[in-house]
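Please read the structure below before turning to the comments.
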RNA sequence: UGGGGUGUAGCUCAAUGGCAGAGCGCUCGACUGUUAAUCGAGUGGUUGAAGGUUCGAGUCCUUCCGCCCCAGCCA
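In the numbering used here, the protein residues as written are 87 to 519.
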């Protein structure tokens, strides 16, 4: 075709001229002598109008063959039209079929079960709601980079294949030449600490793997995590950065993805309150609070999902829970000088019941205490030689945290389950598509 | 791994132990401004699998399988 082509989003610049738009048919309607084709090109949706008496006979006949998801090139005059979604429509003069689509396209404009939709995830992504989630995800990922770039952090990539090191939760194992088993990384943090000693302030952004048999709306076996690590930051500096970070992420989505949030029917009143200071609760006070609400959790226990919900219920903003008992947390967290039963750490609980989105801590920088903790936990000391070296050769105060990308998106989008938040979720019972 | 559910048409779901159904989709027809168009007609089944009870099982029992939700683990 000889007409200039345009994306749907750019049509406003072509009103009154004839252009060609390429995309996929989402919907076909006919009223005898007037027909409507609604199409999608990834940038927007467009209604195209065919009037039988005004198009070539073969174009009218071709209209009759259009099915959902047929790929097409449609040419016509762009005009402003209040009745059309998006405010513009195309008065069709030519209609070319690029690729046909059989009648059994599985996704209908109606309610489907989640299992069916996930089986058809490769096609489900074409629906507007899923596309909106992907766009918000992209905005958040870009916002992460912008936030740290503006603060002169260096982005570092840490290995995905590792020897046994890191946290103790379930590991995916694979054979690694003559070196025995390799494990898919469940955190880049320990490597991040080494890089912080070299570069000062760093962050990682990469996939994380947990082989835990978790079947809840908050868990994936493969997810993406952002892990900053800062030299010369103590626990207070760490929490201040976390608050600024989360405020920035929420603000970016509110500012630039309002249309997508609206499409998701997200009530944003709670998100708008994230601008204020977050609530800070000491672990011991948190336990008193939940006990007063009927929880039987005792001092020393980790907080369960129900406990988190009880804590968050009183507040309209994210809540830091700080300084957990040593036995409830990982070996690398620094002992709290003010109460040596506890460590200098914080979990950030999202409002509205979305649970923990950040886990952070100041790291143990004393060689002997760290070695003692490694032994207490029964971890193989020889595997941690390089990690101990970071304390042997010029130890330094440092802190960091991990933010779960999918949980954060799920909260901001107001979704029930984080499986919708990643293009191809990996769950305990789902490895494909 | 524990507790609670669930499995029927391509999809979403009905059916007191008594003829397996509806809506959507799809097909055909009507309609010159539709918005998940509307209206009429048509199409659709190894009721997850195996065994058992019964005159008779989608329904009750046993075993197995799949999935969902909650919990634990965590982000």
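For glycine and all other residues, C-beta sits at the position ideal for the given N, C-alpha and C.
| Item | Value |
| --- | --- |
| By how many angstroms is the C-alpha of residue 368 removed from the C-alpha of residue 271? | 31 Å |
| What is the residue span of the alpha helix (DSSP H) that residue 230 lies within? | 214 to 236 |
| Could you tell me whether the Cβ atoms of residue 481 and residue 451 are closer together than 8 Å? | yes |
| Excluding the five sequence neighbours on either side, which residues of its own chain have a C-beta within less than 8 Å of the C-beta of residue 216, listed in chain order? | 210, 506 |
| By the 10 Å Cβ neighbour count, where 16 or more other Cβ atoms means buried, how is residue 301 classified, buried or exposed? | exposed |
| Identify, in the order they occur along the chain, each residue of the same chain with its Cβ nearer than 8 Å to the Cβ of residue 299, setting aside the five sequence neighbours on each side. | 256, 514 |
| CB-CB under 6 Å to residue 230, same chain, minus the five flanking residues each way: which ones, in chain order? | 312 |
| With the cut-off set at 8 Å, would you say residue 104 and residue 161 are in Cβ contact? | yes |
| What number of angstroms, rounded off, separates the C-alpha of residue 334 from the C-alpha of residue 233? | 7 Å |
| Which residue wins for smallest C-alpha separation from residue 132, given the options 171, 154, 114, 453? | 171 |
| Distance check for residue 446 and residue 400, CA to CA, integer angstroms please. | 23 Å |
| So, is residue 188 buried or exposed, given that buried needs 16 or more other C-beta atoms within 10 angstroms? | exposed |
| To which residues does DSSP link residue 406 through a beta bridge? | 366, 434 |
| Using the Cβ count rule (16 or more neighbours within 10 Å means buried), how would you classify residue 88? | exposed |
| Just reading off the alpha helix (DSSP H) that residue 310 is part of, what are its end residues? | Taken as a continuous stretch (DSSP letters only), residue 310 belongs to no alpha helix (DSSP H), being part of the beta strand (DSSP E) at 308 to 317. |
| Measure the C-alpha to C-alpha separation of residue 336 and residue 178 and round it to an integer number of angstroms. | 42 Å |
| Could you check if residue 466 is buried or exposed, using at least 16 other CB atoms within 10 Å of its CB as the buried criterion? | exposed |
| If you drop the 5 nearest sequence neighbours on each side, which residues of the same chain put their C-beta closer than 6 Å to that of residue 448? | 320, 321, 420, 430, 485 |
| Enumerate in chain order the residues of its own chain whose CB-to-CB distance from residue 394 is below 6 Å, with the five nearest sequence positions on each side excluded. | 435, 441 |
| Is residue 169 near residue 307, with beta carbons less than 8 Å apart? | no |
| Since residue 286 contacts residue 244 with CB under 8 Å, what's their CB separation in whole angstroms? | Wrong, their Cβ atoms sit about 16 Å apart, outside the cutoff. |
| Can you tell me whether residue 267 is buried or exposed? The criterion is at least 16 other CB atoms within 10 Å of its CB, across all chains shown. | exposed |
| Please determine whether the Cβ atom of residue 130 lies at a distance below 7 Å from any heavy atom of the ligand SAM. | Summarising the ligand content, the structure contains no ligands, and the ligand SAM is consequently not present. |
| Within 10 Å of its beta-carbon, does residue 305 have 16 or more other beta-carbons around it, so buried, or fewer, so exposed? | buried |
| So what does DSSP say about residue 100, is it helix, strand or coil? | helix |
| Just the Cα atoms here: how many angstroms apart are residue 326 and residue 432? | 11 Å |
| Return the Cβ separation of residue 184 and residue 157 in integer angstroms, given the expectation that the two are a contact with Cβ distance under 8 Å. | 4 Å |
| What are the start and end residues of the beta strand (DSSP E) that includes residue 184? | 174 to 185 |
| Rounding to the nearest angstrom, what Cα-Cα distance links residue 303 and residue 101 in this structure? | 46 Å |
| In whole angstroms, give me the CA-to-CA distance for residue 91 and residue 180. | 13 Å |
| Any contact between the segment 140 to 147 and the segment 122 to 131? By contact I mean 3 or more CB pairs, one from each, below 8 Å. | no |
| By DSSP, does residue 94 sit in helix, in strand, or in coil? | helix |
| Taking all protein chains shown into account, do 16 or more other C-beta atoms lie within 10 angstroms of the C-beta of residue 328, making it buried, or fewer, making it exposed? | buried |
| Can you pull the DSSP bridge partners for residue 134? | 123, 176 |
| Looking only at C-alpha atoms, which of 297, 470, 309, 384 sits nearest to residue 414? | 384 |
| In the DSSP assignment, what are the bridge partners of residue 292? | 311 |
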